[in-house]
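Residue numbers (the numbering used here): 18 to 174.
All C-beta atoms in this analysis are idealised placements derived from N, C-alpha and C, irrespective of residue type, glycine included.
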């Protein structure tokens, strides 16, 4: 196993055990994170996002990961998160494909890809089924996530 594969294993093992400090130690100080909900978060905001999500999960999130591959520049992984979405208290099983770029042995870019429409159906039920595919609903999900992260960050200062 090469060093970048070890970094990804450490990242997901920490995620699975809600170990925020070990997760963040795998990131380069200039990391950029992207996904369909938060869109693009730079270093400090990405760190706060993981802290917020782990804290909200209170150790009840179930994280499973597989198919970790990496070379000296890039890597991939598949992971599944099972959790209660706090806004609706609905169970979500989110299947994610992750892509990574590495710099200095750390993750410098992390891109999570998943079906936002499927996620919205689970998170919002019938409302997500009806509206989750629309640009309006996708934007609303993004705005709520960013506002939630901003509020969380302000509490932690």
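When DSSP assignments are scanned along the segment 75–135, the uninterrupted stretches of beta strand (DSSP E) that are 3 or more residues long and fall wholly within it turn out to be 79–87, 91–102, 107–120, 123–130. Counting C-beta pairs closer than 8 Å gives fewer than three between the segment 144–152 and the segment 70–79, which falls short of the contact rule. Residue range 44–52 is occupied by the beta strand (DSSP E) that includes residue 50. Each residue's CA atom was taken as its position, placing residue 119 and residue 47 some 11 Å apart. Taking a contact to require three or more Cβ pairs closer than 8 Å, the segment 29–46 and the segment 54–69 qualify as touching. Between residue 105 and the set 170, 49, 59, 138, the nearest pair of CA atoms involves 138. Ranked by how close their Cα comes to the Cα of residue 133, the residues 114, 166, 173, 44 have 114 in first place. Residue pairing by DSSP puts residue 56 in a beta bridge opposite 52.
Counting along the chain, the unbroken alpha helix (DSSP H) around residue 163 starts and ends at 152–173. In chain order, 39, 43 place their CB closer than 7 Å to the CB of residue 27, counting only its own chain and leaving out the 5 sequence neighbours on each side.
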